[in-house]
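The block underneath contains the structure these notes are about, expressed in structure tokens.
Number of protein chains: 4
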Amino acid sequence: MHTTENQQVLMDAALPLLARKGFHKTKVSDIVKQAGVAQGTFYWHFKNKEAIVLHILKEGERYLLNVIYSGYRKQVGSLNDMTTSSKDLMQTLFSYAESNKDYMQLLLKTGQDSDEKIRSQIASTLQAIEQAFANNIARAQELHMLPATYSNHTLAAMLASLVFGTIDRWLFREGDSLATLNAEEMARQIVSFEFFGLRGFTSSHS
Amino acid sequence: MHTTENQQVLMDAALPLLARKGFHKTKVSDIVKQAGVAQGTFYWHFKNKEAIVLHILKEGERYLLNVIYSGYRKQVGSLNDMTTSSKDLMQTLFSYAESNKDYMQLLLKTGQDSDEKIRSQIASTLQAIEQAFANNIARAQELHMLPATYSNHTLAAMLASLVFGTIDRWLFREGDSLATLNAEEMARQIVSFEFFGLRGFTSSHS
Amino acid sequence: MHTTENQQVLMDAALPLLARKGFHKTKVSDIVKQAGVAQGTFYWHFKNKEAIVLHILKEGERYLLNVIYSGYRKQVGSLNDMTTSSKDLMQTLFSYAESNKDYMQLLLKTGQDSDEKIRSQIASTLQAIEQAFANNIARAQELHMLPATYSNHTLAAMLASLVFGTIDRWLFREGDSLATLNAEEMARQIVSFEFFGLRGFTSSHS
Amino acid sequence: MHTTENQQVLMDAALPLLARKGFHKTKVSDIVKQAGVAQGTFYWHFKNKEAIVLHILKEGERYLLNVIYSGYRKQVGSLNDMTTSSKDLMQTLFSYAESNKDYMQLLLKTGQDSDEKIRSQIASTLQAIEQAFANNIARAQELHMLPATYSNHTLAAMLASLVFGTIDRWLFREGDSLATLNAEEMARQIVSFEFFGLRGFTSSHS
DNA sequence: CATGAATGAGCTTTCATTCAT
DNA sequence: CATGAATGAAAGCTCATTCAT
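Protein chains in written order, with full-length UniProt numbering: chain A, 1 to 206; chain B, 1 to 206; chain C, 1 to 206; chain D, 1 to 206.
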């Protein structure tokens, strides 16, 4: 009991609770009970409740960005159709979301209630993902595959809205029509919508 | 002694607080202080803190759906281009959102933390809006203006993701590139994306 | 139970506890138990534990200074020997101390441990008493009954040391040789020492 | 690994903290941080927090009494004026206080809050000093230089009050009129007050 | 002797809710 | 309907002390 790394044990215990119940309804006593350590142990490893959430979020961001950008860089220099490139990015993201549901839930469903620091850490993670979209769009614009009427940032904002909202429905809305699809299908649909809008959902694209 | 209806006074006081601080961080004592009534008065009008939020949300839903469907029904039977019909719906929605920011914030940014009943009321409001999208899409499919590869509900889900996320960025993200646009421009952009995707953002559409 | 003024009830309960156990060892739970009210009631009337102590100290200062200065003013304009005037002041002070032992204990035996605000409130009360001494000495100096070699403030500081330390021994040191004297005798001794030092303790003065 | 004796290191670290913050506000973690050792090391050298304070107080008492009585004994059998003898004792005491401010602060400003054992150790140290005063007074009474109306203990009690209160003002009250004097001047003033009271502060004595 | 993570009892404080007036 | 003092369960957090290494 003394040999395990309790800091990690606590984070592992906290994430599912935070994802399901949110910040306020997750009590420190819940976390330590789940982790099997004493209440004081929590405060040895983390300054306060806010701290463990920030720690989890930062660690999660590191992993997520690593996944996104390592997948992404492989495509650099490729001459493939942009849809392929974008689909790879989306599929990476959807796969990551699927296998890290709790983290994703924390990211997408933490509301106004939690502390400013937490909200701002979440915002910065989402912003980083949006930046990956913006990068992709910028390259497509350079290659004249997408019109440059609007800045890549504006387009990325709309794309991010679409993606995050769709992930939310896909993973967390019970009974949603998206729930039955797998990550690859989700990516394909998103990219179709991304490039062609609702009209793009023809049999030839789906 | 108060000629105004205190129930309404309390709701008017509560909405901005709830929107800004969220459910848990809005204390009943904050609400009554803002409303200028005593703590006990709150509990004469509302069973508990959850009740006032539900009341606000239900009242808000009534107004919102009324606005959406009265705007929408005017278009029923029209032979206009679907993009026009859809743009009217979007513009109605964006305008409503713009003049009801607090309610919109409550709707879009209430997270996992609040009570189940509240989350489910919010979900049902959002679902109702999504249904309006679905109706529009269904008519377009009937008129063969949109492919029927996917059900109107699936397409509406993606459209709703796009719309809600975009409203969020537009109204609540400081410094976002969307923040400078007005409701009409937002509607135009959304519809463009809706029907043509990123490729639709040509100068001829913007 | 609802009709009594609980703020006073709490203060009355707190003073003896604070006097006997000091700030940290007096728990809020002790106070409310003694007062017979719920824990929350304490925090309705006082912002925190520090606040009740400050309230008690300020109220005590008001009473004490009132007693001292109303006794003192009666002597204004008197041609009596300064020793008489001084003895009246001392006797007033010792009598007050005797009938307000708890308050006096709070004043004299609150140490370095308590909060800065409390220490500074205590210091200011003691300073106010010292000022009464300084006033008396100044008048004696004007009448050339006391040498003006040192400022009245310096002399008052020494006199205050003597008086506060003596009260402490008199009231709170078990087994101290002073414990058997009454307020009038204490005042006489102090004044004797004040004006004549140890050599003044001759049979003719005592 | 540490060549210095950690027990002493801990005591040296603890004294200033205890003097400044008092018993409760000085945390064991503060002490070990200041001392540069681990928390556990503290508990190898001292049974608990109370123990280190008692140890410091006892060691301090040993030094102090040694200083007082070695100075004092030199005067034994002297035929000098009692004021000289007393002044030597006072000067010894004030000098010691001046070069051991932290210890003195612990002695004079530890209030009701700390443990019974600590308070009683402090009381016994102060009592021991008072005994030195009593001895001096007794000899003066034997030589008929001071009246025997009151017991040497009663007179010593008042003298001790004067001395301890004056030291407190001299060393620890910011802005006090005594603060500018040095130990020798303090001793002279105290002895003047001791033997002649306020009237003794003539130019011939100052 | 030394370490530092672990412990848990106990503290202050918060706040939704109740209720006598 | 309105008041606002009273309630008390429950929360976050502290810190002296223990103990395996």
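Even glycine gets a Cβ: it sits at the ideal position worked out from N, Cα and C.
Computed from a prediction, not measured in an experiment: that's the story for all the values here.
Reduced DSSP category for residue i - H, G, I as helix; E, B as strand; rest coil
i	result
F46(A)	coil
Y103(B)	helix
L15(B)	helix
E184(B)	helix
H24(C)	helix
T149(C)	coil
V37(B)	coil
T84(C)	helix
S114(B)	coil
A97(C)	helix
G197(B)	coil
E174(B)	coil
L54(A)	helix
Own chain, CB closer than 7 Å to residue i, minus 5 neighbours either side, in chain order
i	result
Q105(C)	A19 and F172
N152(B)	A134, I137, A138 and Q141
Q91(D)	A183, E184 and A187
H45(C)	N6, Q7 and L10
Of the residues the options, the one placed nearest residue i, counting alpha carbons only
i	options	result
L86(B)	V163(B), Q8(B) and R169(B)	It should be noted that the sequence gives Ser, not Leu, for residue 86(B). Of the candidates V163(B), Q8(B) and R169(B), the one whose C-alpha sits nearest the C-alpha of S86(B) is V163(B).
E130(A)	L155(A), Q121(A), Q8(A) and K117(A)	L155(A)
K101(C)	A134(C), A183(C), N136(C) and G175(C)	A183(C)
A35(A)	M11(A), Q127(A) and K47(A)	M11(A)
Q8(C)	F133(C), I56(C) and H24(C)	I56(C)
S114(D)	Q91(D), K49(D), H45(D) and A14(D)	K49(D)
F195(B)	T180(B), K25(B), M158(B) and H24(B)	M158(B)
L54(C)	A14(C), A148(C) and D30(C)	A14(C)
residue 207(D)	R119(C), K21(C) and Y69(C)	Nothing can be reported for residue 207(D): it is not among the residues displayed for chain D, which extend from 1 to 206.
I68(D)	Y103(D), S29(D), L93(D) and F46(D)	L93(D)
Residue-level contact to chain B via CB, residue i, 8 Å cutoff
i	result
M158(A)	yes
residue 207(A)	This structure does not reach residue 207(A), given that chain A is present from 1 up to 206, and the question cannot be answered.
L10(A)	no
N21(A)	Per the sequence shown, the amino acid found at residue 21(A) is Lys instead of Asn. It does: the Cβ of K21(A) has a partner Cβ on chain B nearer than 8 Å.
D30(A)	no
H153(A)	yes
Environment of residue i [buried if 16+ CB atoms lie within 10 Å]
i	result
R169(A)	buried
S192(A)	buried
L143(D)	exposed
Q112(D)	buried
A97(D)	buried
Y63(D)	exposed
S161(C)	buried
G60(C)	buried
G175(B)	exposed
L177(C)	According to the sequence shown, residue 177(C) is Ser rather than Leu. Classification of S177(C): buried, given that the 10 Å Cβ count is 16 or more.
N66(B)	exposed
A132(D)	buried
V76(B)	Below a pLDDT of 50, predicted positions are generally treated as unreliable, and V76(B), at 46, falls in that range; the measurement from the model is reported next regardless. Exposed, by the Cβ-count rule.
Beta carbon proximity, residue i to chain D, threshold 8 Å
i	result
S161(C)	yes
Q112(C)	yes
S124(C)	no
L54(C)	no
F94(C)	no
G36(C)	no
Contact with chain C by residue i, beta-carbon distance below 8 Å
i	result
F193(D)	yes
D102(D)	no
E59(D)	no
F42(D)	no
H24(D)	yes
Cutoff 6 Å; reference residue i; Cβ partners in own chain excluding five residues on either side
i	result
V32(B)	Q39 and F42
L79(A)	At L79(A), the pLDDT of 46 sits below 50, so the modelled position is not reliable; the number obtained from the coordinates is stated separately. Closer than 6 Å at Cβ, skipping near neighbours: no residue.
A148(C)	Q141
M82(A)	A140 and M145
A128(A)	L65
Chain-order list of residues whose beta-carbon lies under 8 Å from that of residue i (same chain, five-residue window excluded)
i	result
L107(B)	L57, G60, I122, T125 and L126
Within-8 Å CB hit, residue i to chain A
i	result
G175(B)	no
K109(B)	yes
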